[in-house]
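Below: the structure, in structure tokens.
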Amino acid sequence: MTPVNPSEVWKTLPWKKFQRNVFRLQKRIYRAKKRGDVRTVHNLQRLLLRSWSARFLAVRRVSQDNRGKRTAGVDGVASLTPKQRLNYARRLRNLDQAADPVRRTYLQKPNSPDKRPLGIPTMLQRAYQALIKLALEPEWEAVFDPNSYGFRPGRSPHDAIEAVFNFIRLKPKFILKADIEKCFDKIDHQALLDKLFTIQPITKLVRGWLKAGIVDQGQTLFPETGLAQGGVISPLLMNVALHGLEEELLKAYPKRHKPAVIRFADDLVILHHDLDQLQQAKHQAQSWLSQIGLQLNPTKTYLAHTLKDFEGQAGFDFLGFNIKQYHVGRYKTRTNRGQAGFKTLIRPSKQAQKRHLAHLKQVIRDYRGSSQGGLIGKLNPIIRGWANYYKTCTASKIFNKMSAQLYFKLRRWAAFRHPRKWPTWCYRRYWKRLDGLIRFTDGEHYLFQHEHTKIQRHTKVIGSKSPFDGDWLYWAQRLQQHPLKPLRVIKLLKWQRGKCEDCGLPFSTEDVLEVHHLNGNHSDNRYRNLSLLHGHCHDIAHALRC
0 MTPVNPSEVW KTLPWKKFQR NVFRLQKRIY RAKKRGDVRT VHNLQRLLLR
50 SWSARFLAVR RVSQDNRGKR TAGVDGVASL TPKQRLNYAR RLRNLDQAAD
100 PVRRTYLQKP NSPDKRPLGI PTMLQRAYQA LIKLALEPEW EAVFDPNSYG
150 FRPGRSPHDA IEAVFNFIRL KPKFILKADI EKCFDKIDHQ ALLDKLFTIQ
200 PITKLVRGWL KAGIVDQGQT LFPETGLAQG GVISPLLMNV ALHGLEEELL
250 KAYPKRHKPA VIRFADDLVI LHHDLDQLQQ AKHQAQSWLS QIGLQLNPTK
300 TYLAHTLKDF EGQAGFDFLG FNIKQYHVGR YKTRTNRGQA GFKTLIRPSK
350 QAQKRHLAHL KQVIRDYRGS SQGGLIGKLN PIIRGWANYY KTCTASKIFN
400 KMSAQLYFKL RRWAAFRHPR KWPTWCYRRY WKRLDGLIRF TDGEHYLFQH
450 EHTKIQRHTK VIGSKSPFDG DWLYWAQRLQ QHPLKPLRVI KLLKWQRGKC
500 EDCGLPFSTE DVLEVHHLNG NHSDNRYRNL SLLHGHCHDI AHALRC
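Structure (structure tokens):
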């Protein structure tokens, strides 16, 4: 009898059926929570945790879909073979598993000497966390604050920026820009567990992850507060801990005088037309946060006004954008009769521009000895990513500025490579006419310019919508308009009607999307040679090719 190959078993599992089974349960959990039926929610969560479909999907998510899967925990396991994946799925039946310690690593914060501590769980604990997240996320998505945008499926920083614009477009406001100090590190464990209020198996696992030891440079530390950043479920638990802040700040005000509370992870913006009311909201926020062990960061919390100078500042920075209003003629905006008009401009912040130029400068310096094609291949993803992030705002002039600054840096790169040549010779050597434009090109590849990105207005997500509500048409349309998706991905999404060419399932907001070259030639980027696949489907396609 021929032995069964575990690799073939893993590939031939009915993944389409698994995804449908799990989403059906998640949709029922979401709807039960919407109507306040907590008993049904808990029963459905128990059913999902016992489901083989959920266990297999959890293992696949952490071992194949997660593009950071090569990071090892304290057990040293950074990747899994198909046989190990099958074994992990069986081990997930035991929900009494004790939590393993996490490995502490540090990540440098931008524009700061401080480092952000990360806690890397073992691969098995990641699979457990992915399984618990499948059960908890639809329950909490049904009740989360409508203006909470960080670490939530189907929401992005651009939705938060559009929410701010909608609140100030007709009337200037005072703003409180606040940052929650060390949010992940100081959340009170018992307050979080009390708010979670879920079934015993989930509570026991979550308590184990909160109390798990942290291995830091050979020492094992046992935290009394906080969440380990780097875990699969940590962002969801952080949102659970902060849930209710918006409701708390709004309930004390009459309907026509309520402030706007917009939160993205631990960044908070409160807007109101009255300064005294805004200061009162600040004290309320501090009081509410203290109940879960948190406080506002005094060095990053300030008051400002969107139109006029207030304490030496007009406008504010939020999520890398600068939001500011300017006086114009009274007939250019919708204002009351006799009032001066104003316009709202949202642009990349000065700090974001400086960081981007510094990044480009460092890359060009590192590639002084490389070929022109190698430098172009390194710069293009950086330029496209930055321009796509800011293409939803008033950024045309800044894009032109970035292109001009990049041109001067490339001229110095060319002069360094040819110190004995005239500048005119260097220019003709590296800049050539292509498609009617003068481009930095080697004849085969050309450098993408910031200014070639078209400005496209972003539409804010409806606050009451969720990917678990089953409205596939709405979320497919939003996915095709996502500001961070490359142009060719957007086109492939439309041509494939939002479905994977391999498995035929619709793409969700959380799926990893990969562009597959049908003939294996990655230089052949004609659209007839491209197809859009899930990340795991793309891995299988390349495995079959090999």
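Position 329 of the sequence shown, counting from 1, maps to 328 under numbering that gives the first Met the number 0, and the rest follow consecutively.
Don't be surprised by glycine CBs; every beta carbon is placed ideally from N, CA and C.
*Per DSSP, which one or two residues make a beta bridge with P505?*
K498
*With DSSP run on the structure shown, which of helix, strand or coil describes F309?*
strand
_Beta-bridge partners of R438, as assigned by DSSP_ = K431
*Report the residue ranges of all alpha helix (DSSP H) runs contained in full by the region 193 to 219; include only those spanning at least 4 residues, in chain order.*
For the region 193 to 219, whole alpha helix (DSSP H) runs of length 4 or above, ordered along the chain, are 199 to 210.
*Assumed close pair A280, I269 - CB separation to whole angstroms, cut-off 8 Å*: 5 Å
*On the three-state DSSP scale, how would you describe I174?*
strand
*asked:* Starting from P347, trace the beta strand (DSSP E) in both directions and tell me its first and last residue.
replied: 340 to 347
*Say whether the region 273 to 287 touches the region 139 to 146, bearing in mind that this needs 3 or more beta-carbon pairs closer than 8 Å, one atom from each stretch.*
no
*asked:* Considering only their Cβ atoms, is the gap separating P482 from K390 smaller than 8 Å?
replied: yes
*Does the region 526 to 541 come close enough to the region 497 to 513 to have 3 or more Cβ pairs within less than 8 Å?*
yes
*Should A357 be labelled buried (16 or more other beta-carbon atoms within 10 Å of its own) or exposed?*
exposed
_Cβ-based burial, V37 [other Cβ within 10 Å; buried from 16]_ = That one is exposed.
*What's the gap between the Cα of E246 and the Cα of L517?*
Taking the straight line from one Cα to the other gives about 51 Å.
*Between the C-alpha atoms of P156 and W421, what's the straight-line distance to the nearest angstrom?*
46 Å
*With distances taken Cα to Cα, identify the nearest neighbour of F415 among E450, Y366, W385.*
It is Y366.
*Pick out the complete alpha helix (DSSP H) segments inside the region 46 to 98, 4 residues or longer, and give them in chain order.*
51 to 59, 81 to 90
*Classify T39 as helix, strand or coil using the three-state DSSP reduction.*
Helix.
*Does DSSP classify F183 as helix, strand or coil?*
helix
_Entirely enclosed alpha helix (DSSP H) segments - the region 393 to 477, minimum 4 residues_ = Whole alpha helix (DSSP H) segments, 4+ residues: 395 to 416, 422 to 429.
_Nearest-angstrom Cβ-Cβ length linking V21 and A129, presumed shorter than 8 Å_ = Not a contact, Cβ separation roughly 11 Å.
*Can you tell me the Cα-Cα spacing of L94 and A134, whole angstroms?*
13 Å
_Taking the straight line between their C-alpha atoms, what separation do you get for L267 and L195?_
22 Å
*asked:* Please return the same chain residues whose Cβ sits closer than 7 Å to the Cβ of R364, not counting the five positions on each side in sequence.
replied: none
*L24 and L46: beta carbons closer than 8 Å?*
yes
_I'd like the span of the alpha helix (DSSP H) that includes L378, first residue to last._
371 to 389
*Can you name, in chain order, every residue of its own chain whose Cβ lies under 6 Å from the Cβ of G149, other than the five neighbours on each side?*
F263, A264
*Would you report the Cα separation of S348 and C392, rounded to the nearest angstrom?*
11 Å
*What three-state label does DSSP hand P116 in the structure shown?*
strand
*asked:* Under 8 Å, with one C-beta from each stretch per pair, do the region 174 to 182 and the region 292 to 309 reach the 3-pair mark?
replied: yes
*Within the same chain, show all residues whose beta-carbon is closer than 8 Å to that of R456, passing over the 5 residues directly before and after it, in chain order.*
T391
_Three CB pairs or more closer than 8 Å across the region 434 to 449 and the region 367 to 382_ = yes
*Buried or exposed: which applies to T80, given that a residue is buried once 16 or more other Cβ atoms fall within 10 Å of its Cβ?*
By the neighbour-count criterion, in which 16 or more other beta carbons inside 10 Å mark a residue as buried, T80 falls on the exposed side.
*Could you give the distance in angstroms between the alpha-carbon of H541 and the alpha-carbon of A227?*
34 Å
_Same chain only: Cβ atoms within 8 Å of T224, ignoring 5 sequence neighbours per side_ = D184, K185, I186, D187, H188, G292
*Count the other C-beta atoms from every protein chain shown that fall within 10 angstroms of the C-beta of I461, then say buried if there are 16 or more, exposed otherwise.*
exposed
*Alpha carbon to alpha carbon, how far is D510 from A313? Give it in angstroms, no decimals.*
The C-alpha of D510 is placed about 40 Å away from the C-alpha of A313.
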